[in-house]
Amino acid sequence: NRFIQSAFENGGSVRIASLSCANTTWIEGTGEDLDFSPEILRTLSDPTLAPMVLYPTTDATPLESISRAEIPAGRRLALFVIDGTWYQAKQMVRRSLLLSTLPKVSFSTTKVSEYGFRKQPAEHCLSSVEAVHLAIDAFQKSPLASTDLDRQHDQMIEIFRRMVRIQQESSIGSRSLRILAHQGSLKKPV
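For the sequence shown, the residue numbers in our numbering are 762 to 951.
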């Protein structure tokens, strides 16, 4: 997996995914500069890899049905995951000649994002870590998946849920303090 994060995105949920997955690479950029990324160029020139971009388009191949037609024998999937706001991700793919020409893969889901403190532009939009988790789930259903499937990737979604819960609790706590202060119920110590 190659995680490409927008240079304008601080943190982001994809960090959880990158720490939870083996053999990951972190790349930062904004679009055109990605065409000169040594890691992207290395991935594209590696004859043992089949590079693709996790990106929801109408012509994206569903990961759950990906076959040898898309990933020939002797090659393994090298998945580029774009991290940023939806607008940033769209701009990065559009501005990068390399990323825009790579095959796109996606997955089907009815899941609604659990990213409670960040608004998604549409109901079907997910955070990067949720997308990576569901992409792994989808690929494990494909004809190319190994038979000894584990659920090790579930740890990333559990960590994500804890992060969201902590953020919501601290947000609620801060909001409660502001309300109490505004109502005059909270007095500063003398």
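We treat Cβ as the ideally placed atom computed from N, Cα and C, and that holds for glycine.
CA-to-CA, the gap between residue 898 and residue 859 works out to about 26 angstroms. According to the DSSP assignment, residue 806 belongs to the alpha helix (DSSP H) that extends over 799-806. In the DSSP assignment, residue 844 forms a beta bridge with 766. By the 16-neighbour rule on beta-carbons within 10 angstroms, residue 799 is exposed. Per the C-alpha coordinates, the member of 875, 924, 927 and 903 positioned closest to residue 838 is 903.
Between residue 818 and residue 865, the C-beta gap is smaller than 8 angstroms, which places the two residues in contact.
A direct Cα-Cα distance of roughly 14 angstroms separates residue 826 from residue 815.
Ranking 776, 836 and 766 by CA distance to the CA of residue 920 puts 776 first. The distance from the Cβ of residue 767 to that of residue 845 is about 3 angstroms, consistent with a contact at the 8 angstroms cut-off.
Residue pairing from DSSP places residue 789 in a beta bridge opposite 766. With respect to the 8 angstroms criterion, residue 823 and residue 867 are classified as neighbours on the basis of their beta carbons.
Setting aside the 5 residues that flank it on each side, residue 895 is surrounded in the same chain by 868, 870, 872 and 887, each with a C-beta closer than 8 angstroms to its C-beta; the list follows chain order. Residues 766 and 768 of the same chain have their beta carbon placed closer than 6 angstroms to that of residue 789, with the five preceding and five following residues left out of the count. Check the Cα spacing between residue 861 and each of 885, 787 and 796: the tightest is with 796. Straight across, the Cα-Cα distance linking residue 928 with residue 762 is about 27 angstroms. Here residue 872 carries a coil assignment [DSSP, helix/strand/coil]. Between the beta-carbon of residue 889 and that of residue 842 there is about 6 angstroms, and that keeps the pair under the 8 angstroms contact cut.
Scanning 922, 852, 848 and 847 for the CA closest to the CA of residue 876 turns up 922.
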